[in-house]
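Colleague: In this note's numbering, the protein residues as written are 2 to 637. We treat Cβ as the ideally placed atom computed from N, Cα and C, and that holds for glycine. Mind looking over this structure? Questions follow.
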């Protein structure tokens, strides 16, 4: 399912669901909210049922209510209650995260082309509660973040009940809560969005009744590494419908043309981790499995039909894909594996996770209990080593930059450009004067643009004598070629030629729509090479190639410079064709190289020499005036 290029989040402590419904509905509609994190002082199950009925375009996901453990109780003294309200169009792509708590709930948003997004709605204990209660929840939030930040992008939304500093607001009062939460933010490198320089609206989110103090205790938190994904963040102004003393926060996340999909689609689109396959010696298993699946594939006879070639090629592709699924490991998003995440840090993290599981299994004892002290000690050791590893990495980076500045500035600027954060998402495209802003419109715009470039001339024109002669020549050549194909060893494609081309292929290249990469062909074994040779000879003999070889994925690549990013002509279309078809092209190209005879003065087929260069040399020797006029031809 395609989404718009931005995902709109909202966080709000409504204090009371029943009285806040009118303002909630208005906010969801006016700001086109995709995901709303809702907190309530005493959220009960019947209130969640009301949420399900207020708007058919939204659904409540993974609510945590204070009366879940006491459904028949009339009064509940325990505070808490959190839930997500998700737009119905994306609900089926959202999965609940099981957290046993009435103050924290989470959801996972599945995506294809980027990391999954993990959202956590939190309502931390208010200042009227003991500080120890608040500290325990901060530690719990820390553990949750450390687990899910390994898997994707984490966003924390909710009523934190602690003051936070940022470029737009500085809190001079350093109470225990603020100090504790500041350490939490610094250690995890999190920032509050509406307090950043790009934030809009008020900096405070809580206005006490009866002209009390105004403070910023509600936040949407995200890692500094992902700050470039944020398009905007703002605190909504007070409204006559708002009966809560908290103001909603709206933030828009740039999806970078992300496509949301279900889990099965994600598995199909995942790439093979060839490094892991080499480390675990899976390549021989893959080669053997490929041979097993190709064992029963019937090879068409010479002069078979085009349908037989299509079926034969499809069987080869299916055999490779089945062998991959059975034997090869796949890549997973591991963004937490930053340069400073060493093996020692990873070992301490695993030890901390193990101690935490023991602590949880013993009903979370505290105080001087041995299990609790072991868990706390493991956590301290992990945090200390993580800080030391990060500081060491940054110091090495600074030393390297200083050294490169004195010795090799090219390497320095290459490093800076590589690590520079930039917003690469295309949020607007103008095609033939029509502005495309949503994801579907942008995709349609790209399709219209490339169709206009590659369209065929459909106007009926009389066939000329020259065209008839060309058609007849091709038919005669086709007939003669079939008769001499297997008798002429220079025309026949051999296994050695296929193997020679496969050895020269580079790793880590993009695949076509079938997700088969060069590595699949290189490590597929002798049986796969034999079948590829048979397929290529059938293609040559029948003058017919599989239709999928002509189908490719076009990736628009920005040409750079100061060109307008909303103009499709500022992009170069890169075609990702099937790798098996590209191997065939390389073999044919090698055969043509042997037959090619060119004049020494022709430069079109010579490397590092251009026609302009030849003309320049000629006129320079003749001492003639020479003027170069370069024209930029966009498209015909």
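1. What did DSSP end up calling residue 446 once you bin it into helix, strand or coil?
2. For residue 624 and residue 614, what's the separation of their Cα atoms in angstroms?
3. If distances are taken between C-alpha atoms only, which option among 248, 244, 619 and 612 comes closest to residue 237?
4. Going by DSSP, what residues sit across from residue 7 in a beta bridge?
5. By a C-beta neighbour count over all protein chains shown, 10 Å radius and 16 as the cutoff for buried, is residue 122 buried or exposed?
6. Quick check on residue 14: does DSSP put it in helix, strand or coil?
7. Could you name the residues of the same chain whose beta carbon sits closer than 6 Å to that of residue 450, not counting the 5 residues immediately before and after it, in chain order?
8. Using alpha carbons as the reference points, say which of 438, 550, 502 and 534 lies closest to residue 494.
9. Could you give the C-beta distance for residue 199 and residue 234, rounded to a whole number, given that I count them as a contact under 8 Å?
10. In whole angstroms, give me the CA-to-CA distance for residue 561 and residue 573.
11. Quick check on the burial criterion: 16 or more other C-beta atoms within 10 angstroms. Buried or exposed for residue 65?
12. Whose C-alpha, out of 16, 17 and 87, is nearest the C-alpha of residue 8?
13. Taking the C-alpha atoms as reference points, what is the distance between residue 272 and residue 579?
14. By the 10 Å Cβ neighbour count, where 16 or more other Cβ atoms means buried, how is residue 138 classified, buried or exposed?
15. Determine the DSSP secondary structure at residue 153, reduced to helix, strand or coil.
16. Taking only three categories from DSSP, how would you classify residue 219?
17. Just checking, does the region 217–231 make contact with the region 183–202 on the three C-beta pairs under 8 Å criterion?
18. In chain order, what residues of the same chain have a beta carbon less than 6 Å from the beta carbon of residue 517, not counting five sequence neighbours either side?
19. What three-state label does DSSP hand residue 185 in the structure shown?
20. Which residue's Cα is closest to the Cα of residue 63: 33, 109 and 90?
21. From 543, 141, 22 and 38, pick the residue whose C-alpha is nearest to that of residue 642; which is it?
22. Whole angstroms is fine: what's the gap from residue 1's alpha carbon to residue 575's?
23. Are residue 19 and residue 251 close, meaning C-beta to C-beta below 7 Å?
24. Just checking my contact of residue 571 with residue 430 at CB under 8 Å: how many whole Å lie between their CB atoms?
25. With DSSP as the reference, label residue 479 as helix, strand or coil.
26. Taking a contact to mean a Cβ-Cβ separation below 7 Å, would you say residue 1 touches residue 243 in this structure?
27. Assuming residue 322 is part of the alpha helix (DSSP H), what are its boundary residues?
28. Any contact of the region 158–167 with the region 212–224, i.e. 3+ C-beta pairs under 8 Å?
29. Counting pairs of beta carbons, one from the region 518–532 and one from the region 282–297, are three or more of them closer than 8 Å?
30. For residue 478, count neighbouring C-beta atoms within 10 Å of its own C-beta (all shown protein chains included) and say buried if the count is 16 or more, exposed if not.
31. Sorted by chain position, which residues of the same chain lie with C-beta nearer than 6 Å to residue 311's C-beta, five sequence neighbours on each side aside?
32. Leaving out the 5 sequence neighbours to the left and right, which residues in its chain are closer than 8 Å to residue 263 when beta-carbon positions are compared?
33. Mind checking who residue 85 pairs with in its DSSP beta bridge?
34. What's the call for residue 255, buried or exposed, on a 16-neighbour Cβ count within 10 Å?
35. Report the partner residues of residue 106 according to the DSSP bridge assignment.
36. Give the straight-line distance between the Cα atoms of residue 543 and residue 302, rounded to the nearest whole angstrom.
Modeller: So, to answer that:
1. helix
2. 15 Å
3. 248
4. 255
5. buried
6. strand
7. 432 and 569
8. 534
9. 7 Å
10. 10 Å
11. buried
12. 87
13. 15 Å
14. buried
15. strand
16. strand
17. yes
18. 321 and 580
19. helix
20. 109
21. Missing from the structure shown is residue 642; the chain here goes from 2 to 637 and no further.
22. Any answer about residue 1 is impossible in this case: the structure gives the chain only from 2 up to 637.
23. no
24. That pair is no contact at about 10 Å.
25. helix
26. The structure shown has nothing for residue 1, since the chain only spans 2 to 637.
27. 307–328
28. yes
29. yes
30. exposed
31. 547
32. Model confidence at residue 263 stands at a pLDDT of 44, short of 50, so the residue's coordinates are unreliable; what they give is reported in the following sentence. Cβ neighbours of residue 263 beyond the five flanking positions: 93, 94 and 111.
33. 38 and 62
34. buried
35. 122
36. 11 Å
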